[in-house]
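Everything on this sheet refers to the single structure shown next.
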Amino acid sequence: ILNVEQSPQSLHVQEGDSTNFTCSFPSSNFYALHWYRWETAKSPEALFVMTLNGDEKKKGRISATLNTKEGYSYLYIKGSQPEDSATYLCALYNNNDMRFGAGTRLTVKP
Amino acid sequence: DVKVTQSSRYLVKRTGEKVFLECVQDMDHENMFWYRQDPGLGLRLIYFSYDVKMKEKGDIPEGYSVSREKKERFSLILESASTNQTSMYLCASRDGKRDPIVYGYTFGSGTRLTVV
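Each protein sequence line maps, in turn, to chains A and B. To convert, note that position 45 of the first sequence is 771 in this note's numbering; the numbers rise steadily by one, no gaps. To convert, note that position 45 of the second sequence is 207 in this note's numbering; the numbers rise steadily by one, no gaps.
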């Protein structure tokens, strides 16, 4: 079974701080890594799909990088805002199997 | 706006009851999935279906069954609810005609089930 690890499990930051968190996964047989954002009482929403080593994706203040050789992806949030508060999930897609990490729960205090 | 709709946001049931969790999608997706999420654990796959009338066990199918009589609806059934089935249940769908590497899931907003 593929093991996808996310750290930290939770994070509290002040509004305006920049922050980042990690998704680690087995580097063999890599196909794709998906990032989702899950706000309370809402559906998880797709943020990024990353497939190539060295990929960098950006959406507004949120960006992500991918290192398939060492098996990790970073998600960065620049200048965190209270509306960024959510659980951020990563999921490894490998040979028709999608494996999710436990998520990083981000709380941004005004 | 495409949607995956789960019938209940919160549900409280008694031990031993038969529980139905409903999920409907309006995107004509072939693939549908049921996950549960518990603190400190990733989403764990209970059952999935690649098309109507098809079903496959996921990682934790014990105590659950599913029904996919119509393409748009995927029901999760707890045959006899137990307290260890208290959890957040998430339904997801995916377009089976598109490359799964690039196209991920569309999720419902979840059903928080409490079994007392």
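Note that the Cβ used here is the ideal one computed from N, Cα and C, for glycine as well.
Distance between residue j and residue i (C-alpha atoms, nearest Å)
i, j, result
"A:Ser754", "A:Asn821", "11 Å"
"B:Ser242", "B:Val181", "7 Å"
"B:Val278", "B:Pro201", "18 Å"
"A:Leu749", "A:Asp781", "The question names Leu, but residue 749 of chain A in the sequence shown is Cys. Distance between the alpha carbons of A:Cys749 and A:Asp781: 14 Å."
"A:Leu737", "A:Thr745", "9 Å"
"A:Ala817", "A:Gly827", "6 Å"
"B:Leu173", "B:Cys253", "15 Å"
"A:Gln735", "A:Asp823", "23 Å"
"A:Phe751", "A:Thr794", "9 Å"
"B:Tyr267", "B:Lys175", "28 Å"
"A:Met776", "B:Val264", "8 Å"
"B:Glu234", "B:Arg256", "11 Å"
"B:Arg198", "B:Ser170", "15 Å"
"A:Arg825", "A:Lys785", "23 Å"
"B:Leu275", "B:Tyr251", "7 Å"
Within-7 Å CB hit, residue i to chain A
i, result
"B:Ser271", "yes"
"B:Ile239", "no"
"B:Leu183", "no"
"B:Leu275", "no"
"B:Leu205", "yes"
"B:Val186", "no"
"B:Gly266", "yes"
"B:Ile263", "yes"
"B:Gly202", "yes"
Residue i CB to nearest heavy atom of the ligand ADP below 6 Å
i, result
"A:Cys749", "Only the bare structure without any ligand can be found here, which leaves the ligand ADP out of the picture."
Proximity of residue i and residue j at Cβ, strictly below 7 Å
i, j, result
"A:Ser811", "B:Ser271", "no"
"A:Trp761", "A:Leu801", "yes"
"B:Gln187", "B:Val214", "no"
"B:Phe236", "B:Met194", "yes"
"B:Thr273", "B:Leu183", "yes"
"A:Leu759", "A:Ser799", "yes"
"B:Trp196", "B:Tyr209", "yes"
"A:Val739", "A:Ser806", "yes"
Residue i, enclosing beta strand (DSSP E) - first and last residue
i, result
"B:Ala254", "Ser249 to Arg256"
"A:Ala812", "Ala812 to Asn820"
"A:Ser750", "Thr745 to Ser750"
"A:Gln732", "Glu731 to Ser733"
"B:Glu231", "Tyr226 to Lys232"
"A:Glu809", "Unbroken run through A:Glu809: none, as it is neither H nor E."
"B:Leu240", "Arg235 to Leu240"
"B:Phe182", "Val181 to Leu183"
"A:Asn793", "Ile788 to Asn793"
"B:Ala243", "Where B:Ala243 is concerned, there is no enclosing beta strand (DSSP E), given that its DSSP letter is neither H nor E."
"B:Phe210", "Arg206 to Ser211"
"B:Lys165", "Where B:Lys165 is concerned, there is no enclosing beta strand (DSSP E), given that its DSSP letter is neither H nor E."
Beta carbon proximity, residue i to chain B, threshold 7 Å
i, result
"A:Ser769", "yes"
"A:Tyr819", "yes"
"A:His760", "yes"
"A:Gly827", "yes"
"A:Tyr798", "no"
"A:Gly814", "Note that residue 814 of chain A corresponds to Tyr in the displayed sequence, not to Gly. So no, A:Tyr814 is outside the interface."
"A:Ala790", "no"
"A:Val775", "yes"
"A:Tyr802", "no"
Quick check: the stretch 238-256 of chain B against the stretch 216-229 of chain B, are there 3 or more CB pairs under 8 Å?
-> yes
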